[in-house]
Amino acid sequence: MDALLTPVTYGAIAFSAMCYAFFARANQAPSLYHQTNLANTQLLQKTSLLFEKYRPSWFLLNGHLQTFLVALGCDTPRVHYTREIRPLSDGGIVSLDWATHPAGAPYAKDHPTVLLLHGLTGGSNEVYIRATAVKLLAAGWRVVVMNARGCAQTPVRTPKLFCGAYTQDVRETVQYLRQVHVPTAPLLAGGFSLGANILLKFVGEEGDKCQLSGAVSVGNPYDMLASNRNLEYSWLHNVIYSTALTNNLLTLFFKKSNAHEHYVNDPHIDLAALRASKTAAEFDERLTRRVFGYATASDYYRDASSSQS
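Quick note on numbering: the sequence shown equals residues 221 to 529 in my numbering.
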């Protein structure tokens, strides 16, 4: 009996700690940071959800556990898309995946629309994109996902790829949507992770002339230099997150797209060294900062950070 006391005691302590984390830490309302003005006050009055306490499932107490669950796969309904290839001014292309109406009916031309931007190496079939699209479709919105160059089987036509500092592809896409599909109806945009950073950087650059009716940023790194440092902060960040991001970048560049073909004879890009990259910072140092004309990867991260826009 005494031999069982230690495991039972440890189990009770662990369970108590989980309960404390749930009730004392996870069970909180979001912290809101904003300027005090009339526009923000009116907006907050319409978003009562922001003042409610967040109550996650008891076994998903933090962002790590929630991220792992999504990585393992979630039972998210499929979304059917119709793809439109959209040429860009420099000769490259992005693909626009239009979610089909739940009832199969066509949308009116000037229908309220949400443009979704995926995260690093993502696309329209990512779980978080589909989960968001399903909710928006049910609420009556038309949904279109912009797949970045090389992502989601979008061919790479020029040596220029996508990165956190480059907003021109989003700018041209928004202009196109306003000219052709959504001339007067509300046009909102939502970005996730790197897509959130690009979206807010674009909105900041556009200022008062921005053609979006509104924008939502989810999981934005904001300060990409600090975010990159955090990837090396601990064993968990370095071995799990940094390794996963780097593998995704290498897989997209060398296997899932034709991006590498544009650099075979480029004297500034060492493909063998790039393939040997162990971190996202090494990948960006050996490719991204060179393609977009930065002296170092750190210079790229500083310029890309939406916190400066």
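Quick reminder that beta carbons are idealized off the backbone N, C-alpha and C, glycines included.
Cα-Cα separation, residue i to residue j
i: I489; j: S526; result: 27 Å
i: D486; j: S447; result: 30 Å
i: P406; j: T333; result: 6 Å
i: T256; j: L264; result: 11 Å
i: Y386; j: P250; result: 30 Å
i: S462; j: S413; result: 14 Å
i: N458; j: R449; result: 10 Å
i: N367; j: S309; result: 16 Å
i: T499; j: Y348; result: 24 Å
i: L469; j: I460; result: 14 Å
i: E426; j: T320; result: 30 Å
i: L224; j: L356; result: With a pLDDT of 49 at L224, under the threshold of 50, the predicted position of this residue should be treated as unreliable, though the coordinate-derived value follows. Approximately 52 Å, taken between the alpha carbons.
i: G415; j: C383; result: 9 Å
i: R377; j: K266; result: 44 Å
i: R362; j: L408; result: 10 Å
i: R350; j: T302; result: 14 Å
i: P379; j: L494; result: 15 Å
i: V394; j: A515; result: 30 Å
i: A325; j: A358; result: 13 Å
i: T344; j: Q262; result: The sequence shown places Ser at residue 344, rather than the Thr named in the question. Each residue's alpha carbon lies about 33 Å from the other.
i: D504; j: S454; result: 21 Å
Selected residue, minimal CA-CA separation from residue i, among the options
i: F473; options: N458, R506 and S251; result: R506
i: C430; options: H457, Y461, E392 and V438; result: E392
i: V286; options: F382, G342, L252 and G439; result: It should be noted that the sequence gives Gln, not Val, for residue 286. Of the candidates F382, G342, L252 and G439, the one whose C-alpha sits nearest the C-alpha of Q286 is G439.
i: T341; options: Y327, S277 and T466; result: T466
i: G339; options: A323, V365 and H321; result: V365
i: C371; options: V363, L381 and R362; result: L381
i: F422; options: S529, P322 and L289; result: S529
i: G360; options: A323, N345 and H482; result: A323
i: S433; options: G410, S454, E452 and V400; result: G410
Residues of its chain near residue i, where Cβ-Cβ distance is below 6 Å and the 5 sequence neighbours each way are ignored
i: R306; result: V314 and L316
i: P403; result: D330
i: P441; result: N417 and S447
i: L280; result: Q286
Strand pairing of residue i, partner residues [DSSP]
i: R303; result: D317
i: L407; result: T333
i: V511; result: According to DSSP, which records beta bridges pairwise, V511 is partnered with nothing at all.
i: N367; result: S315
Beta-carbon proximity list for residue i, same chain, < 8 Å, skipping 5 on both sides
i: V354; result: T296, P297 and V299
i: L445; result: S518, Y521, R522 and S525
i: L252; result: L264 and L270
Simplified DSSP assignment, three categories, for residue i
i: N448; result: helix
i: G339; result: coil
i: A435; result: strand
i: N417; result: helix
i: Q265; result: helix
i: Q248; result: strand
i: F279; result: coil
i: F412; result: strand
i: Y274; result: strand
i: R391; result: helix
Cut-off 7 Å between Cβ atoms - residues of its own chain near residue i, not counting five sequence neighbours on either side
i: F570; result: Here the chain has residues from 221 to 529 only, and residue 570 is not among them.
i: A479; result: G370, V376, L381 and F473
i: M221; result: In this predicted model, M221 has a pLDDT of only 47, less than 50, meaning its place in the structure is not dependable enough to derive any value.
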